[in-house]
Structures are given as C-alpha cells and as structure tokens.
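Numbering of the sequence shown is given in the numbering used here, commencing with residue 6 and proceeding in unit increments.
Please read the structure below before turning to the comments.
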Amino acid sequence: MISQETIQQILSRIDIIDIVGSFVKLKKRGSNYIGLCPFHNEKSPSFSVSPSKEIYKCFGCGKSGNGIGFIMEHEKYTYVEALRWLANRYNVEVEETETSPEYKAHLQVADSLHVINAFAQKYFADILMNNEEGQDIGLSYLKQRGFREEVIQKFQLGYCLERGNAFAKTAIANQYNPEYLQKSGLVVLRNDELLDNYRGRIIFPVHNNTGKIIGFGARIIKKNDKAPKYINTPENELYLKSKILYGTYFARQAIDKQDECLLVEGYTDVISLHQAGIENVVASGGTSLTQDQLRLVKKYTNNLTIIYDGDAAGVKAALRGLDMALEEGLNVKLVLIPDKEDPDSYVNKVGTTAFRDFIAANKKDFILFQLEIALKDASGDTTKKAAVVNQVAESISKINKAEDFTKQQDYIRQCSEILRIEEHGFTTLVNKFIRERVSKQETKQQGPAQNSGPAPDGDFPFFSEPMYDENGFEIQGPPQQFRQQDDTINLILKDELQERSVVRALLEFGLKEWDGKRRVVDYFFEEMVDDDLFDNKQLLHIIQTYKAWYDAGLEPTSKNFLYHEDQSISSIVVSIMDFPYELSSKWKEEYDMPVASREDVYVQEVISTLNYLKLRKIKRLIEQNQKDLEQPHTSDEQMMLLQTHMHLKQLEKDILKKVGTVILK
Ligand code: ZN
C-alpha cells in the first residue's frame with residue numbers, strides 16, 4: 006500500500022493539463038483546454054479539460070474524470086498503478102505503508118529468490134570462465150557461435166556442470182533454503198536428493214527493468230532429441246512469463262533513443278545483435294505476445310518491428326496476437342529474414358550495416374502483410390476471401406485511438422484497393438466492428454445499482470430561466486443541443502439530480518461567506534438536519550463525510566472528494582461537478598450585458614437546492630398522509646390527519662414562496 010503522505014504529495018503536484026497533455030494535443034480555449042477525445046474517434050474536438058476544476062470531460066462520448074482517472078482509463082491502470090505513474094512523473098518518492106500479511110510473505114519470497122538468483126548467476130559465470138569443463142564445453146561453444154568475451158560478460162552468461170548436483174551442493178553449503186532453491190527452478194528434488202536442473206547447459210540470466218535477475222533460460226549444448234532445447238524458470242513470485250521480454254534492461258536506452266523496438270525470438274539473437282552494435286532489441290522467447298509485453302514496449306516507443314525467421318505457418322501463428330498491438334496504439338512492422346537464416350546467423354553473415362539496411366528496406370506494415378498472406382491463402386476462393394475481408398476489417402477497427410484516426414482511414418483506403426472492394430462499404434464494415442466492441446464494453450461496465458454515470462447537469466450555461474415540471478420541480482439537464490447522445494443519462498432520476506445539485510453546492514460553495522457571521526456550510530447543516538432528505542446513500546455519505554471533516558477543523562473542498570481514495574466517491578464527484586462552460590464572447594458582445602455565473606449567485610443556489618429537497622420531503626409526507634386518510638379511521642384520528650395535512654400544505658406553501666415558484670392546483 007502506498008502511504009497517505011505519498012498520496013498527498015502526488016495529489017499536490019498533479020497538473021491535469023500536463024497529464025492529459027502528454028497524451029492529447031490540447032489547445033487553450035477560454036479558461037479551458039480542448040482537444041480530440043482519446044476515447045472515441047472524432048474529427049472536431051469535444052474533449053474539454055478544466056484546469057481550475059481539475060477534471061476532463063468529453064461532450065461526445067461522455068467520459069469524464071480527474072487526473073488519476075484519466076491515467077487509469079487511458080493506460081488501463083489500476084488506481085495504485087496510476088499513482089505510481091504519477092509519482093514517477095512528478096518525482097515523488099513512493100513510501101509504502103503496512104501491507105497485508107499475504108503480500109508481505111510474497112515480498113519476502115521474492116526477495117529470497119532475488120538473492121538466490123544473484124548467487125546462482127555468479128556461480129555459473131565463474132564455472133563458465135574458470136572451470137575446466139566450463140571452458141572446454143560452455144565457453145568454447147559460445148566462442149564457436151561467435152560471441153566475444155565482453156558480450157558474454159555483459160549478459161552475465163554462465164554454464165552448469167554436467168555432474169549431478171554441483172550447484173545444489175554449493176548452494177546448500179552456503180545456507181540457501183532448499184524450498185526456495187526448488188521454487189527458483191535451479192534445482193529439482195529426485196529421490197530425496199536435490200539435483201541441478203540445468204545440467205550441461207548454457208545459462209542466460211533474465212533481468213528485470215532495473216537489472217535484477219528474475220530467472221534463467223538454459224540452453225542445451227549437446228544434441229539430445231529427448232531433452233528440450235531450452236528450459237526456463239518456472240512461474241514464481243519473480244518470474245511471470247507473460248510480463249517478460251528478454252533483454253529490456255540492456256535495450257531500454259537504445260529503444261528510447263531510436264524510437265523503435267526490434268523484437269526477435271531467441272536469447273542468442275538479442276546477444277548477437279548487441280554484439281553487432283544493434284542494441285534496441287528484445288526477445289519474446291518464441292511465444293505470441295501478451296498485452297503486458299506490448300505495454301512494456303509501449304513504455305519506451307510506439308514503433309515495434311518484429312523480425313521473423315520462421316516459415317509461413319510460424320509467421321501466421323505469430324500474427325494472431327498482434328491485433329492487441331493495434332489496440333495499444335503501436336505501429337507494428339514486420340520483417341522476414343531470408344534464406345532460412347535467423348537474426349543471429351544473418352547479422353554474422355552480412356554484418357551490421359547490411360543488416361540495418363535490410364531491416365529498413367524490408368519492413369512491412371502489419372495489416373498489409375497479414376492481408377497479403379491471407380489473400381495468397383484464399384487464392385480465388387470467394388468464401389475465403391470474404392473471411393479475409395472480415396478479418397482485416399476487424400483488425401483495422403482496433404486502431405481506435407483518436408490520434409490514430411488518420412492512420413485508420415489510410416488503412417481502409419489501402420486495403421479496399423488491395424481487396425478490390427468499394428471503400429464506402431468497407432468503412433461501414435469497420436465501423437460495425439467498432440460498434441460491436443463498444444457495446445460489449447458498455448454492457449461490461451454497467452454493473453447493477455451503479456448510478457454514478459455521467460450527469461447531464463452543469464454542462465450548460467446559466468443563462469436560461471429554470472424550467473419546472475408539473476410538480477414545481479426545476480427541470481434539470483442541458484438544452485437538447487447540449488445533450489449527450491448517451492442514453493444512460495436518462496437513467497438518472499430527476500430526484501437524484503436534485504440531490505446531486507445540493508452536494509455540488511456544498512462542495513463548491515461550502516467555505517464561502519454566508520452572512521458575515523457564518524459560512525455556507527454552517528447554514529447548510531443548520532437547515533439539513535434530516536438524513537432522510539437523501540435517497541442516494543452515496544451522496545448522503547459525501548455530505549456526512551464533509552460534516553465530519555469540517556467538525557474536525559478541516560476545510561474540505563471538492564478536491565478532497567475528487568481525489569478520494571474511495572473510487573466510488575471520486576467518480577460520483579466527478580460526475581456532479583459543474584464543468585465550467587465558456588460563454589461565447591460573441592454572445593457577450595452582442596447583448597452587452599453581464600452574465601451571472603453560479604459563482605455570483607451561490608447564495609440563491611444554496612437556498613434553492615436545499616428548499617427543493619425539503620419541498621420534496623413535504624410532498625412525500627403529504628402523499629403518505631393522504632394514503633392514511635383513505636383508510637378507515639375514528640373521527641379523532643381523522644381530525645388529526647386532516648390537521649397534519651393542513652400543516653404540511655402550509656409548510657409547502659411557505660417553501661414555495663421562498664423558492665419563488667407558484668404552482669397552480
Ligand atoms: Zn469522447
């Protein structure tokens with residue numbers, strides 16, 4: 006867990022323009038910033054960021070949130086991951102607080118594995134360089150493959166003796182825990198004896214981003230049909246295969262500098278290319294790429310070039326996972342190494358410059374490459390060709406980030422040319438796939454009893470007269486032209502809108518002056534004595550938290566709630582915050598009159614929102630009383646109920662007078 010102090014430090018440094026601006030090109034427009042929404046495709050900007058309120062909102066797709074929420078949504082991070090991202094960006098040192106016993110235990114195992122791995126690496130490297138068998142078998146094999154000593158040392162390669170338990174014995178003699186030794190995958194238990202798992206193999210340490218060793222790959226030297234060519238560390242507290250790309254530690258800076266990441270299959274490919282001076286290269290270990298691995302790449306660059314040496318079938322299998330790369334917004338290019346060579350042998354054969362030139366000249370775009378292969382496969386078969394069209398359309402539909410909109414259009418044009426189909430129809434097909442995915446995501450997001458969706462209130466200027474419904478309640482919601490297309494807004498009940506307005510008034514104006522002696526918050530809590538004025542318990546919870554903080558001497562603002570650690574509170578506050586609307590300067594010029602802002606009329610707003618709540622309660626009491634009246638009663642009871650009715654009606658009248666609305670009934 007990240008400590009509260011760290012969180013406070015992060016929050017105090019958050020700059021939403023800076024955060025959003027690192028993903029979206031923003032332009033200043035009045036007191037807000039606007040840009041193209043990163044969450045849906047659009048040609049003209051409807052995505053707005055308010056530096057004063059520290060929120061963003063898209064008037065096209067309805068997405069809204071605070072700075073942390075933006076990182077979570079855009080980078081698909083958890084709350085804690087987003088905090089870490091921000092801490093890193095604003096140079097805040099992350100301080101961990103007490104953690105759960107399970108997590109502590111987990112960290113302890115991870116630590117022990119680190120220590121064991123570091124010990125094992127030194128041991129195996131020493132055997133490779135200084136032991137007779139190590140030199141004769143291991144080192145001579147590596148030299149024969151063309152590896153020079155400096156690169157062998159840079160990658161910390163090693164050798165494990167053929168004899169049964171040399172490493173296990175040394176480790177035990179050095180007091181390493183047998184259970185963790187097995188967990189590390191370095192030894193195995195056979196007939197009650199610990200044996201070395203990587204006997205007679207070259208050892209490739211696998212490093213994490215900070216250079217610590219998290220596991221090993223072990224390659225066989227002698228030909229043996231029964232044994233696998235490579236053995237890897239089993240999944241444990243440190244080694245999570247799906248999150249690892251071999252070589253990232255050594256490649257990071259080169260990838261960053263060249264703004265491109267080369268991806269190869271094997272460990273030796275990475276090392277050979279390094280030796281040849283091509284350092285922006287990592288290896289997947291031959292499996293198809295996972296989302297975590299793609300994100301790892303994306304940390305450094307948007308340009309991923311995959312270098313294949315496989316046959317057509319292998320290439321096709323590898324292509325399968327690559328739609329994910331498009332979703333991540335990566336530009337994926339492919340290169341096939343010719344003549345049954347692999348990157349390792351090819352760079353040795355042709356040399357660094359020719360290798361670089363070959364890659365640059367033969368890079369093919371992923372989608373077009375996929376299309377080429379699929380079309381060759383279909384060769385004139387109409388059904389197969391239809392399947393190809395669908396497949397390519399689906400791939401293109403995954404390029405869904407706004408900044409990639411032009412890229413998507415380009416693909417549609419190029420592919421419809423290659424497929425010789427009509428562009429307009431193909432666009433429709435791509436859009437169909439986008440729609441399907443969006444609606445799938447929406448159903449996933451709409452959990453039951455979740456009513457913190459985007460609120461329609463507060464998005465429109467305060468220039469129109471309020472409108473009232475037949476019950477005398479102000480009709481909330483923006484005029485038709487500002488309404489979101491999203492139907493979910495209709496799900497928010499009018500009653501709840503009323504409650505939201507009250508909370509909003511408190512959060513925004515609570516600390517302002519009321520009458521010289523008191524502040525808004527004092528008046529507010531004198532008036533709002535009944536908790537049952539609120540139906541929505543979450544909103545009530547915000548009010549109560551506000552009161553508790555205020556009573557404790559704090560000065561709560563909307564910011565405290567906006568960045569509340571409870572995500573349900575923060576998201577409901579985002580949705581009720583008034584997004585500052587820019588009145589067009591034309592409008593001001595044309596009518597040449599001051600326009601009242603909510604800021605100017607907050608006293609009325611506080612009074613009227615509270616009165617509406619009270620009025621609603623009285624109406625409910627009247628209704629209840631009337632139902633009672635319909636039941637058989639003694640005349641005394643009848644009298645009582647009638648008096649109550651009269652009393653409630655008078656209260657209603659009084660409030661309505663204050664509210665300034667007359668209902669004729
Ligand atoms: Zn949007």
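Beta carbons are placed, not taken as given, at the ideal position from N, Cα and C, and that holds for glycine.
How about Ala288 and Tyr272: do their beta carbons lie closer than 8 Å? yes
Identified DSSP bridge partners for Asn336: Asn308
Range covered by the beta strand (DSSP E) that runs through Ser69: Segment 69-71, the beta strand (DSSP E) holding Ser69.
Just mark Thr4 as buried or exposed, buried being the case when its beta carbon has 16 or more other beta carbons within 10 Å. Not covered by the structure: residue 4. The range shown for the chain is 6 to 670.
Neighbouring residues (CB closer than 5 Å to any heavy atom of the ligand ZN): Cys42, Phe44, His45, Cys63, Gly65, Cys66
Between which two residues does the alpha helix (DSSP H) harbouring Gly26 extend? Element bounds for Gly26: 21-26.
To which residues does DSSP link Phe52 through a beta bridge? Gly40, Cys63
Residue environment, Glu265, which counts as buried when at least 16 other CB atoms sit within 10 Å: buried
Which two residues bound the contiguous alpha helix (DSSP H) that contains Asn135? Segment 106-135, the alpha helix (DSSP H) holding Asn135.
To which residues of the same chain is Leu615 closer than 6 Å at the C-beta, ignoring the five residues directly before and after it? Glu532
Figure out for me which residue from Glu270, Gln158, Lys522, Asn285 has the closest Cα to the Cα of Asp349. Of the candidates Glu270, Gln158, Lys522, Asn285, the residue whose Cα lies closest to the Cα of Asp349 is Glu270.
Hey, how far is the Cα of Met134 from the Cα of Gln9? C-alpha separation (whole angstroms): 50 Å.
Could you tell me the boundaries of the beta strand (DSSP E) in which Cys420 lies? Annotation for Cys420: no beta strand (DSSP E) segment contains it, though the alpha helix (DSSP H) segment containing it runs 410-424.
Looking only at C-alpha atoms, which of Gln280, Ile22, Tyr244, Lys217 sits nearest to Tyr254? Lys217
State the Cα-Cα distance for the pair Ala223 and Arg153, rounded to the nearest angstrom. 19 Å
Counting along the chain, where does the beta strand (DSSP E) carrying Phe566 start and finish? No beta strand (DSSP E) contains Phe566, which is instead part of the alpha helix (DSSP H) from 563-567.
Would the segment 603-613 and the segment 508-520 be scored as touching if the rule is three or more Cβ pairs under 8 Å? yes
When Thr11, Val340, Val435 are compared against Asn93, the one with the closest alpha-carbon: For the residues Thr11, Val340, Val435, the minimum Cα distance to Asn93 belongs to Thr11.
Would you be able to state if there are at least three C-beta pairs under 8 Å between the segment 329-339 and the segment 352-361? Below 8 Å, too few C-beta pairs join the segment 352-361 and the segment 329-339 to call them touching: fewer than three.
Quick one: grab the DSSP three-state call for Phe468. Confidence is the limiting factor: at Phe468 the pLDDT is only 28, short of 50, which leaves the residue's position unreliable and the question unanswerable from this model.
Starting from the C-beta of Lys188, find all residues in its chain whose C-beta is less than 6 Å away, skip the five residues before and the five after it, and write them out in chain order. Asn241
Express the C-alpha separation of Ile372 and Gln14 in angstroms, rounding to a whole number. 44 Å
Going by DSSP, what residue range makes up the alpha helix (DSSP H) through Asn93? 84-94
Cut-off 6 Å between Cβ atoms - residues of its own chain near Leu301, not counting five sequence neighbours on either side: Excluding its 5 nearest sequence neighbours in each direction, Leu301 has C-beta neighbours in its own chain below 6 Å: Leu250, listed in chain order.
Burial state of Asn202 (16 or more Cβ within 10 Å): Result: buried.
CA-to-CA distance, His279 to Ala130, given in whole angstroms: Rounded to the nearest whole angstrom, the C-alpha separation of Ala130 and His279 is 19 Å.
Nearest-angstrom Cα distance between Glu333 and Asp556? 47 Å
Would the beta-carbon of Ile21 fall within 8 Å of that of Glu78? If you check the CB distance, Ile21 and Glu78 do not come in under 8 Å.
By DSSP's criteria, Leu656 is part of a beta bridge. Which residues make up the other side? Partner(s): none; Leu656 has no beta bridge.
Taking three-plus beta-carbon pairs below 8 Å as touching, is the segment 570-579 in contact with the segment 533-545? yes
Put Lys445 into one of helix, strand or coil per three-state DSSP. In the three-state DSSP reduction, Lys445 falls in the helix class (H, G or I).
Going by DSSP in three states, Pro484 sits in which element: helix, strand or coil? Here the model assigns Pro484 a pLDDT of 33, short of 50, so the residue's position is not dependable, and the following value carries that caveat. It is coil, neither helix nor strand.
Return the first residue and the last residue of the alpha helix (DSSP H) that Val578 is part of. 572-581
Given a cut-off of 8 Å on the beta-carbon distance, is the pair Ile7 and Val99 in contact? yes
Ile404 and Gln413 closer than 8 Å at C-beta: yes
Short check: CB of Leu335 to CB of Ile311, under 8 Å? no
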